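Novice:
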Amino acid sequence: MSAATLYGLCSAVLIGLGLFGLLTHPQVLRKILAFNLIGTGVFLLFGIAARRGAAAGFGGDPVPQALIITGLVVAFASTAVAVSLLLRLFQETGRTTLPSDE
Amino acid sequence: MRLLLDGLTILAVGAGAFFFLAGTVGLLRFPDTLSRLHALTKADNLGLGLIVLGLLFQAEGLFAALKLIGVWLLTLLAGATVTQLFARAARNGGSPE
Amino acid sequence: MALDIFLGLLVLGLAVWIVSTRDTLAAAVEFVAFGLVVTLVWVRLAAPDVALTEAALGSGLTGGLLLGASTRLARAETATSGERHGAVLRLSAAGVCALISAAIAALVILLPEPAPTLAPEVAANIAATGLENPLPAVLMAYRAIDTLLEVVVLLLALLAMWSLAPDHLWSGLPWRPDAVGRDGVLTFVAQLLAPVGILVGIHIFWIGSVAPGGEFQGATILAAMWILVTMAGLRDMPPMSRRWLRVVLVIGPAVFFAIGLAGFAIAGSFLGYPPSYAKQLILTIEIPLTLSIAAALALLIAGPPERAAQ
Amino acid sequence: MAEFMLAAAGFVLAVEAVGLIRILKGPGDADRVMATQLLGTGGIAALLLLAQAMDSPAAVDVALTLGLLAAFVSIAFVFGIAQSRTGGA
Numbered sequence: 032m033s034a035a036t037l038y039g040l041c042s043a044v045l046i047g048l049g050l051f052g053l054l055t056h057p058q059v060l061r062k063i064l065a066f067n068l069i070g071t072g073v074f075l076l077f078g079i080a081a082r083r084g085a086a087a088g089f090g091g092d093p094v095p096q097a098l099i100i101t102g103l104v105v106a107f108a109s110t111a112v113a114v115s116l117l118l119r120l121f122q123e124t125g126r127t128t129l130p131s132d133e
Numbered sequence: 004m005r006l007l008l009d010g011l012t013i014l015a016v017g018a019g020a021f022f023f024l025a026g027t028v029g030l031l032r033f034p035d036t037l038s039r040l041h042a043l044t045k046a047d048n049l050g051l052g053l054i055v056l057g058l059l060f061q062a063e064g065l066f067a068a069l070k071l072i073g074v075w076l077l078t079l080l081a082g083a084t085v086t087q088l089f090a091r092a093a094r095n096g097g098s099p100e
Numbered sequence: 064m065a066l067d068i069f070l071g072l073l074v075l076g077l078a079v080w081i082v083s084t085r086d087t088l089a090a091a092v093e094f095v096a097f098g099l100v101v102t103l104v105w106v107r108l109a110a111p112d113v114a115l116t117e118a119a120l121g122s123g124l125t126g127g128l129l130l131g132a133s134t135r136l137a138r139a140e141t142a143t144s145g146e147r148h149g150a151v152l153r154l155s156a157a158g159v160c161a162l163i164s165a166a167i168a169a170l171v172i173l174l175p176e177p178a179p180t181l182a183p184e185v186a187a188n189i190a191a192t193g194l195e196n197p198l199p200a201v202l203m204a205y206r207a208i209d210t211l212l213e214v215v216v217l218l219l220a221l222l223a224m225w226s227l228a229p230d231h232l233w234s235g236l237p238w239r240p241d242a243v244g245r246d247g248v249l250t251f252v253a254q255l256l257a258p259v260g261i262l263v264g265i266h267i268f269w270i271g272s273v274a275p276g277g278e279f280q281g282a283t284i285l286a287a288m289w290i291l292v293t294m295a296g297l298r299d300m301p302p303m304s305r306r307w308l309r310v311v312l313v314i315g316p317a318v319f320f321a322i323g324l325a326g327f328a329i330a331g332s333f334l335g336y337p338p339s340y341a342k343q344l345i346l347t348i349e350i351p352l353t354l355s356i357a358a359a360l361a362l363l364i365a366g367p368p369e370r371a372a373q
Numbered sequence: 038m039a040e041f042m043l044a045a046a047g048f049v050l051a052v053e054a055v056g057l058i059r060i061l062k063g064p065g066d067a068d069r070v071m072a073t074q075l076l077g078t079g080g081i082a083a084l085l086l087l088a089q090a091m092d093s094p095a096a097v098d099v100a101l102t103l104g105l106l107a108a109f110v111s112i113a114f115v116f117g118i119a120q121s122r123t124g125g126a
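Chains as they are written, first to last, in this note's numbering: chain A, 32 to 133; chain B, 4 to 100; chain C, 64 to 373; chain D, 38 to 126.
Next up, the structure:
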């Protein structure tokens, strides 16, 4: 098994773990953290696609790598918006959790 | 010459790794936050310094060597000052010990 | 390979910990540690540009943002740390997530051999951009529209954040911590670290054309240093209504867009660069773009206006 | 030589990982704050070793960036803790 496949399996577990955290934590901040875990997992998938495409003297395919950089910036922007939404929720209601519908 | 430089590198990097280990042992064994802080920052910064020293023997060119030293100086400066802040936070009731 | 297995286990271990810790603050610290290990993984995957972005943005700035939020919400979070959804929901969520993980893992194992790659095309066309590092070449030429829109996304995110402010605070100043905890040491750190950091940020931006680095990585470091100076109380953030601030925010995408339009005339397509001075044009875009990105990132960290402008 | 560097990087990381577990258990916030600094130093050492072992000089720039941002995160955290303790939120 190559290192790329190893990290690919790692990213598969990471996406599952992140999704689990996103679904099961009532605290919004924990959901945001879990969302970032999913993001990292997805970026790692792109990363192994890039690594497997190493050719022409490059250690990895630069196109998926460039997509990851774009993705990281957008993930940061959405995290920042989510955090400010949470802070607003806290100021308005004094709560930091989303109640479950059960 | 090559062999001598490689030997020096192994010696210095090995010593550096040892200090990282020492830092962690201190962290596990020391009883309170402030002394753990001692163990951690001093040993780790020394460990990093030794590793940088070891890598200097392998450095290609002056700029690469200066950059390595720069990384260490930056870590030292940041570490020393940030540790001061940690210690204050700990003293102001960060730890019940 | 042994190192890769170890790094993979470390990543997964930290991820499990982040999801399962009760204390939110501890989870945020673990996230910073997680980002650091992921940075090492990017180096192992021969993606140093991505490693730089992860170290600066994914771990550093995002970590700082989440830590800041969790300390601000520490009391409320501690009160709800025991709150959990019911066992049925947790179990079914675990099942669904395990299925999704298994499906992705199967996909990873069944990836086609040999892997499809665009690397040869990049190698064949990189000379036309005048750059030596393939990533900025892809970001600024082949996928230039993505990059332009990405900066627009940053500005839109900032607008979304600002619009969360109550009406009377619109065009006010972002939240600022009290002077508590701010003292000589913090001032000293900021005075010492900020100039060094600005230098490193410019260095990372500048080497981008020949080695890993570039506008996003450089801008992130600049943004972090701006926030550091604000935290230390050396300079306050400007009110949102400042004209210069808004000019800095839009100048990068504006120059980018203008040169893109000029591409119709000089190279026959939107964002086309004539090969003879492609590098000069890309640099002309990148310098204002770095300033705009740095300002947008710093303001996203600072948050919506919460104080009225004096 | 490359194998030795990789092994040393792995060793430093393993040692830091053990330390991290200790630190994250607390008991105080200050202990947790130390985690960021601990990992910062260890991560920088590992990156420098990797740069040499994998012949990828860019990893030194990554180490430089990491050093700066680790300090930034630590400061933000210490400052945030001081704030939350005085009810500044």
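The C-beta atom is built at its ideal place from N, Cα and C for all residues, glycine as well.
Source: prediction; values computed, not measured.
Could you give the DSSP three-state label for residue 180/C: helix, strand or coil?
Specialist: Note: residue 180/C maps to coil in three-state DSSP.
Novice: What number of angstroms, rounded off, separates the C-alpha of residue 296/C from the C-alpha of residue 88/B?
Specialist: Whole-angstrom Cα-Cα distance: 16 Å.
Novice: Pair every Cβ in the region 176-195 of chain C with every Cβ in the region 52-69 of chain A, then say whether three or more of these pairs are closer than 8 Å.
Specialist: The region 176-195 of chain C is not in contact with the region 52-69 of chain A.
Novice: Cα separation between residue 266/C and residue 53/D?
Specialist: So the two alpha carbons sit approximately 29 Å from each other.
Novice: Assuming residue 77/B contacts residue 105/D (C-beta within less than 8 Å), just tell me the rounded distance between them.
Specialist: Correct: roughly 7 Å between the Cβ atoms.
Novice: Along the region 73-99 of chain D, where does the CB come closer than 7 Å to a CB of chain E? Name the residues.
Specialist: Here the protein chains are A, B, C and D, and chain E is not one of them.
Novice: Kindly say whether residue 129/A, judged by its beta-carbon, lies nearer than 8 Å to any beta-carbon of chain C.
Specialist: For residue 129/A, the answer is no, since every Cβ of chain C falls outside 8 Å of its Cβ.
Novice: Tell me, please, whether the region 213-226 of chain C touches the region 301-320 of chain C by the rule of three or more beta-carbon pairs shorter than 8 Å.
Specialist: In short, these stretches touch, since the Cβ pair count reaches three.
Novice: Given residue 324/C, which residues of its chain have a CB within under 8 Å of its CB, disregarding the five upstream and five downstream residues?
Specialist: The residues are 333.
Novice: Which whole-angstrom value is the C-beta distance of residue 2/B and residue 78/D, which I expect to be below 8 Å?
Specialist: This structure does not reach residue 2/B, given that chain B is present from 4 up to 100, and the question cannot be answered.
Novice: Determine, using beta-carbon pairs with one atom in the region 39-58 of chain A and one in the region 140-155 of chain C, whether at least three such pairs fall under 8 Å.
Specialist: Contact holds: three or more Cβ-Cβ distances are below 8 Å.
Novice: Shorter than 8 Å from the beta carbon of residue 79/A to some beta carbon of chain C?
Specialist: Chain C contact via Cβ: present.
Novice: Quick one, are the C-beta atoms of residue 61/D and residue 103/C less than 8 Å apart?
Specialist: No, Cβ-Cβ distance for residue 61/D and residue 103/C is not below 8 Å.
Novice: DSSP on residue 84/C, reduced to helix/strand/coil?
Specialist: DSSP places residue 84/C in coil when its eight states are reduced to three.
Novice: In whole angstroms, what is the alpha-carbon distance linking residue 112/A and residue 263/C?
Specialist: Taking the straight line from one Cα to the other gives about 28 Å.
Novice: Please list the segments of the alpha helix (DSSP H) lying wholly inside the region 28-74 of chain B, counting only runs of 4 or more residues, in order along the chain.
Specialist: Whole alpha helix (DSSP H) segments, 4+ residues: 36-59.
Novice: If contact is defined by three or more beta carbon pairs under 8 Å, each pair taking one atom from either stretch, is the region 346-357 of chain C in contact with the region 306-322 of chain C?
Specialist: In short, these stretches touch, since the Cβ pair count reaches three.
Novice: In three-state DSSP terms, what is residue 239/C?
Specialist: Reduced to three states, the DSSP call for residue 239/C is coil.
Novice: Comparing the C-beta of residue 280/C with each C-beta of chain D, is any distance below 8 Å?
Specialist: Closer than 8 Å: yes.
Novice: In whole angstroms, what is the alpha-carbon distance linking residue 290/C and residue 7/B?
Specialist: Those two C-alpha atoms are separated by around 47 Å.
Novice: If you compare alpha carbons, which of 48/A, 115/A, 74/A is closest to residue 100/A?
Specialist: The candidate whose alpha carbon is nearest that of residue 100/A is 74/A.
Novice: Rounded to whole angstroms, what is the Cα-Cα separation between residue 59/B and residue 66/B?
Specialist: Residue 59/B and residue 66/B: Cα-Cα distance of roughly 11 Å.
Novice: Would you please state the rounded distance, in angstroms, between the beta carbons of residue 86/A and residue 202/C? I believe it to be under 8 Å.
Specialist: The Cβ separation is near 19 Å, so there is no contact.
Novice: Could you tell me whether the Cβ of residue 10/B comes closer than 8 Å to any Cβ of chain D?
Specialist: No, residue 10/B does not count as interfacial toward chain D.
Novice: Return the chain-ordered list of same chain residues with a C-beta closer than 7 Å to the C-beta of residue 51/D, the five sequence neighbours on each side being excluded.
Specialist: Counting only Cβ-Cβ distances below 7 Å, and skipping sequence neighbours, we find nothing.
Novice: Would you say residue 338/C and residue 93/A are within 8 Å of each other, going by their C-beta atoms?
Specialist: Cβ distance not < 8 Å, so residue 338/C and residue 93/A don't count as in contact.
Novice: Taking Cβ to Cβ, would you say residue 126/C is nearer than 8 Å to residue 110/D?
Specialist: Going by C-beta atoms, residue 126/C is nearer than 8 Å to residue 110/D.
Novice: On the criterion of 16 or more Cβ atoms from any shown chain inside 10 Å, does residue 25/A qualify as buried, or is it exposed?
Specialist: Residue coverage of chain A in this structure runs from 32 to 133, which leaves residue 25/A outside it and unanswerable.
Novice: Which whole-angstrom value is the C-beta distance of residue 121/A and residue 136/C, which I expect to be below 8 Å?
Specialist: Right, their Cβ atoms sit about 6 Å apart.
Novice: So what does DSSP say about residue 128/A, is it helix, strand or coil?
Specialist: Reduced to three states, the DSSP call for residue 128/A is strand.
Novice: Would you kindly check if the distance between the Cβ of residue 286/C and the Cβ of residue 124/C is under 8 Å?
Specialist: Contact flag set, yes.
Novice: So is residue 41/D in contact with chain C if we call contact Cβ pairs under 8 Å?
Specialist: For residue 41/D, the answer is no, since every Cβ of chain C falls outside 8 Å of its Cβ.
Novice: If you reduce the DSSP assignment to three classes, tell me which class residue 95/A lands in.
Specialist: Residue state, collapsed to three classes: helix.
Novice: Is there a Cβ from chain D that is less than 8 Å from the Cβ of residue 89/B?
Specialist: Chain D, which has a Cβ nearer than 8 Å to the Cβ of residue 89/B, makes this yes.
Novice: Any C-beta of chain A sitting closer than 8 Å to the C-beta of residue 64/C?
Specialist: Interface residue, yes.
Novice: Alpha carbon to alpha carbon, how far is residue 161/C from residue 11/B?
Specialist: C-alpha separation (whole angstroms): 49 Å.
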